[in-house]
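Okay, structure first, notes after.
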Amino acid sequence: MNAPAAPSAAAGPARRLVRPLAALVSVALPVGFVALVDPNAPGHYPVCPFLRATGWWCPGCGGLRCVHALTRGDVLTAGHDNLLVAVGAFVLLALWVRWAVRAVRGRPGGGWRVTGRQAGVLVLVLLLFAVVRNLPVGTLLAPPAV
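In terms of the working numbering, the sequence shown opens at residue 54 and continues consecutively.
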């Protein structure tokens, strides 16, 4: 079975925006839920299984609180909750805007392919972030206790 072809440059801007808008909705729904259900209140979300098992912060710990703070426009709190998620959210937003603008202008998407080197760097950053935030020197990277 062949994959459906991407909308051509001849298609109207609305048709070319279908994929970027579908991606936006698929992210906006869970983000909207996190905006409505405060992760700072105990009992709303389960405790991170890695944190519960080891007592160490994983790279994602504080991520829900970070997203909640971002939905409130509180960038400083978001960065304090999980700097990696806060920076990642802005990077993903910039990539999405680029994708949507290119779609409206009818430029071929070309698709961004993650190379092995880029994937390796991302894994290394995640590991370093996880280690440093659990060291006494990295307490600023650890999320506040709930």
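For glycine and all other residues, C-beta sits at the position ideal for the given N, C-alpha and C.
Here the stretch 112 to 125 makes contact with the stretch 71 to 88; the two share three or more CB pairs at distances below 8 Å. In the assembly as shown, Ala75 is an exposed residue. Its beta-carbon has fewer than 16 other beta-carbons within 10 Å.
The straight-line gap separating the alpha-carbon atoms of Phe143 and Leu136 is approximately 11 Å.
Remark: fewer than three beta-carbon pairs, one from each stretch, lie closer than 8 Å, so the stretch 147 to 157 and the stretch 107 to 118 are not flagged as touching. Judged by DSSP secondary structure, Ala147 falls within the alpha helix (DSSP H) whose first and last residues are 136 to 158. About 6 Å separates the beta carbon of Gly159 from that of Arg69, a gap short enough to meet the 8 Å contact definition. With contacts defined by Cβ atoms closer than 7 Å, Pro66 and Val157 form a contacting pair. DSSP places Leu188 outside both helix and strand once states are collapsed to three, so it counts as coil. The C-beta of Val138 has 16 or more other C-beta atoms within 10 Å across all chains shown, which makes the residue buried. Between Asp134 and Pro95, the gap from beta carbon to beta carbon reaches 7 Å or more.
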